[in-house]
Amino acid sequence: MKCFPSWCRPSRVHDGRHVLERIQLLSENIKNKISAGEVVEGPFSVVKELMENAIDAGATAIQVQVLEAGLKKITVTDNGHGIFSEDMELALCDHATSKIRDVHDIEHIGSYGFRGEALSSIASISVMTILSRSMSESSGTRITNEGGAHTVSPYAGLAGTTVIVENLFFNVPARKKFLKARNTEMKLLRETFLRLALPNHGIEFSLDVDGKRNITLRAAGTIDERVRQIYGDEVFGQLYYETLQDLKVSVGGFFSKPDFLRSSRNMQLYYINGRPVENRYLGFLLSRAYEAVAVKGKYPAAIIFTEIDPQLVDVNIHPAKREVKLFDQRYMDSLVLHLAEKALNRSHAMDASLFRETARRPDTIEEEEGGRSDEDISVPAGPRRDEQPTYRQFTADSPVETESLPLRELPGLYTALTGQEDYRILGTVFDTYIMVEKDNSLSFIDFHAAHERFIFDALMKPGHTMEIQELMFPVMMELPLDDFNVVMDSIERFSEIGFDIGEFSDKTITIRTFPAVAGKVDIEAFVHECIDEIRDERGKRDVRKSIAASAACHAAKRSGDLLSRSEMTVMINRIFSGEHELRCPHGRPFVHALRKEDLERIFKR
Numbered sequence: 081m082k083c084f085p086s087w088c089r090p091s092r093v094h095d096g097r098h099v100l101e102r103i104q105l106l107s108e109n110i111k112n113k114i115s116a117g118e119v120v121e122g123p124f125s126v127v128k129e130l131m132e133n134a135i136d137a138g139a140t141a142i143q144v145q146v147l148e149a150g151l152k153k154i155t156v157t158d159n160g161h162g163i164f165s166e167d168m169e170l171a172l173c174d175h176a177t178s179k180i181r182d183v184h185d186i187e188h189i190g191s192y193g194f195r196g197e198a199l200s201s202i203a204s205i206s207v208m209t210i211l212s213r214s215m216s217e218s219s220g221t222r223i224t225n226e227g228g229a230h231t232v233s234p235y236a237g238l239a240g241t242t243v244i245v246e247n248l249f250f251n252v253p254a255r256k257k258f259l260k261a262r263n264t265e266m267k268l269l270r271e272t273f274l275r276l277a278l279p280n281h282g283i284e285f286s287l288d289v290d291g292k293r294n295i296t297l298r299a300a301g302t303i304d305e306r307v308r309q310i311y312g313d314e315v316f317g318q319l320y321y322e323t324l325q326d327l328k329v330s331v332g333g334f335f336s337k338p339d340f341l342r343s344s345r346n347m348q349l350y351y352i353n354g355r356p357v358e359n360r361y362l363g364f365l366l367s368r369a370y371e372a373v374a375v376k377g378k379y380p381a382a383i384i385f386t387e388i389d390p391q392l393v394d395v396n397i398h399p400a401k402r403e404v405k406l407f408d409q410r411y412m413d414s415l416v417l418h419l420a421e422k423a424l425n426r427s428h429a430m431d432a433s434l435f436r437e438t439a440r441r442p443d444t445i446e447e448e449e450g451g452r453s454d455e456d457i458s459v460p461a462g463p464r465r466d467e468q469p470t471y472r473q474f475t476a477d478s479p480v481e482t483e484s485l486p487l488r489e490l491p492g493l494y495t496a497l498t499g500q501e502d503y504r505i506l507g508t509v510f511d512t513y514i515m516v517e518k519d520n521s522l523s524f525i526d527f528h529a530a531h532e533r534f535i536f537d538a539l540m541k542p543g544h545t546m547e548i549q550e551l552m553f554p555v556m557m558e559l560p561l562d563d564f565n566v567v568m569d570s571i572e573r574f575s576e577i578g579f580d581i582g583e584f585s586d587k588t589i590t591i592r593t594f595p596a597v598a599g600k601v602d603i604e605a606f607v608h609e610c611i612d613e614i615r616d617e618r619g620k621r622d623v624r625k626s627i628a629a630s631a632a633c634h635a636a637k638r639s640g641d642l643l644s645r646s647e648m649t650v651m652i653n654r655i656f657s658g659e660h661e662l663r664c665p666h667g668r669p670f671v672h673a674l675r676k677e678d679l680e681r682i683f684k685r
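Taking my numbering, the leading residue of the sequence shown gets 81, the next gets one more, and so forth.
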């Protein structure tokens, strides 16, 4: 008999031959759980489905309440048209829907939902209660589903619907194992909430987390106002709005100005007929449009809304409806590209106009009464190349433990650099790299990345007491809602690294202190980079490490800074000490050794 691994062994074997199982229909319970696996990935999926149902019901106010990131309880309440009492039990049946009636309707889908899968799928993996009263009835109905058993009773509430989902995945323990950390699940839930609230600006939305109001979005008269509500006035001021229209399609979008680029693509959103969808080519299209102004590792912001005849888009190709099929994807992508270029051209035109206006100004400005002339104003000059600037010296700290690859595990490099008795500093090249000759090798050191590593290791040193810099006047920062919540969720970690941050109001924080090691930095840019670092790395590593990495990056010497000979010596000695990993906190190597034999091979000696 053949030996099969345990994970692929046949269920039954008889006389060395497989016994074929008979084909049978799956039970409703199993079918619903399979369907739930496609529809419900986590608490955020439940919120998405229930919010979409509420929007389809014509609600003008939707409230979402969650406990323990939605794993314990999710409640979605709306003031929509409600469910008729006689339809309540039917609402929990698979493929029962009020959205479509025949095949023709599938080709003209104008609602978020249409399959009739959401409620039955969610009910199969949770304890679900629905309370609803239709606008045309004087009383409503309450139905509770637990383990497939329904309990129905009268309900005397207001018109509209409330859906309560408790103990999500209680009967699918395997699914719970694949859930992310609670903070990450909460982040996904907030993102889902905001992405659905964004295009539906005429609806009032609120989100309560663990009994506390987290987000409130009043009904807005325009999409501009809703974008302001979510991202704040500062971000909104960095966006241009452009539109294009032909006989079949209308496309409008907000695009960031060339000097407003972000550290992640989290503000690249694409909607078709109000539905948030994934466009796998969107990042490429935006990169192409912004290629002349883009900086490596920075991405433009874009919020794009496409309105198209429902007959020309198929939304029934993905279980969670995240992807759609368009009548002509290439044509639609060309519209997005053209729209982004149009926004950039507008920016360039405004810059040119400003330049011409500046050029027309007189060289001298008449002094106004009580004012100062330009002779009274002095601008400090930067150090000249032939001058030796004064710098604060940094000194070596005691060894620290790191989780990454240590110096001694890079044998060739370690051999080339270990020891302090015989090396020679040749200087710097391209204002970025220190050149060191030692033992028949030439090493190039990226001093910015090296300095990053030293600062990061000092910040992460166990028991390290962080020196703080107190601000004379607290800095007030208005943040997009998602960024605000990232800061609030990570407030203790910010404190550990030297920040004193408080909540001033919805979307606004106050900063009273920050890490002294950061020196003279743009505090707001520093905080934004910390937020991006946390968002990108949360769930992968300690949040404190993410903040420390940002602090180190801002505080470190920059390419183009002038280094004294003594500073270079201190830096190289720290590298030779073997105390530090030879990569910056983001994983970029900062030492490369070129051996004499490598050079001889190049020159064919």
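We put the CB at the ideal spot given by N, CA and C, even for glycine.
Here the structure is a predicted model, which means the values were calculated and not measured.
Restricting attention to beta strand (DSSP E) runs no shorter than 3 residues, the stretch 212 to 296 encloses them at 220 to 226, 229 to 235, 240 to 246, 284 to 289, ordered along the chain. Rounded to the nearest angstrom, the Cβ distance from E532 to P669 is 12 Å, too far for a contact under 8 Å. K376 counts as exposed, since fewer than 16 other beta carbons sit within 10 angstroms of its beta carbon.
The stretch 359 to 367 makes no contact with the stretch 318 to 327, as fewer than three CB pairs between them are under 8 Å. Judged by DSSP in its simplified three-state form, M168 adopts helix.
Shortest Cα-Cα distance from Q391 to any of V329, H418, F316 involves V329. With contacts defined by Cβ atoms closer than 8 Å, I591 and I577 do not form a contacting pair. If you look at P123, you'll find it in the alpha helix (DSSP H) that goes 123 to 136. When the Cα atoms are used, I223 and L170 turn out to be separated by approximately 11 Å. For L561, the enclosing alpha helix (DSSP H) has its first and last residue at 561 to 569.
When beta bridges are read from the DSSP output, V393 appears opposite L406. Contact fails between the stretch 277 to 296 and the stretch 235 to 254, because fewer than three Cβ pairs, one in each stretch, are under 8 Å apart. In this structure, E661 and S630 do not form a Cβ contact; the two beta carbons are roughly 18 Å apart against a cut-off of 8 Å. Ranked by Cα distance from V146, the options R270, D526, F334, C173 are led by R270. V127 places its beta carbon 8 Å or farther from that of V120.
In this structure, the alpha-carbon of I103 lies about 15 Å from that of I110. By the Cβ neighbour-count rule, M347 is buried, with 16 or more other Cβ atoms within 10 Å of its own. Straight-line spacing of the CA atoms in L276 and D641 works out to 46 Å. The bridge partners DSSP lists for R663 are P669. Distance from the CA of D519 to the CA of L679, rounded to the nearest whole angstrom, comes to 14 Å. Counting only residues of its own chain and dropping the five nearest sequence neighbours on each side, I295 has a CB closer than 6 Å to the CB of L287, L561.
For G333, the number of other beta carbons within 10 angstroms of its own is at least 16, and it is reported as buried.
Excluding the 5 residues flanking it on each side, R615 has same chain C-beta neighbours closer than 7 Å at S344, N346, V566, in chain order.
When only Cα atoms are considered, F594 and L319 end up about 29 Å apart.
Ranked by Cα distance from V357, the options Y192, I652, D612 are led by Y192.
Setting aside the 5 residues that flank it on each side, L417 is surrounded in the same chain by L365, R368, A369, each with a C-beta closer than 7 Å to its C-beta; the list follows chain order. Annotation: L297 to E305 spans about 10 Å, alpha carbon to alpha carbon. Assigned with DSSP and collapsed to three states, I581 falls in strand. Taking the CA atoms as reference points, M266 sits about 23 Å from H281.
Look at the beta carbons and you see the stretch 204 to 213 touching the stretch 230 to 246: at least three pairs across the two are nearer than 8 Å. If the five residues before and after L151 are omitted, its C-beta is found closer than 7 Å to the C-beta atoms of P123, L248, all from its own chain and listed in chain order. If you check the CB distance, I535 and A635 come in under 8 Å. For F594, the uninterrupted beta strand (DSSP E) segment begins and ends at 588 to 595. E558 sits close to K587, with the two beta carbons spaced by under 8 Å.
Rounded to the nearest whole angstrom, the C-alpha separation of D408 and E387 is 14 Å.
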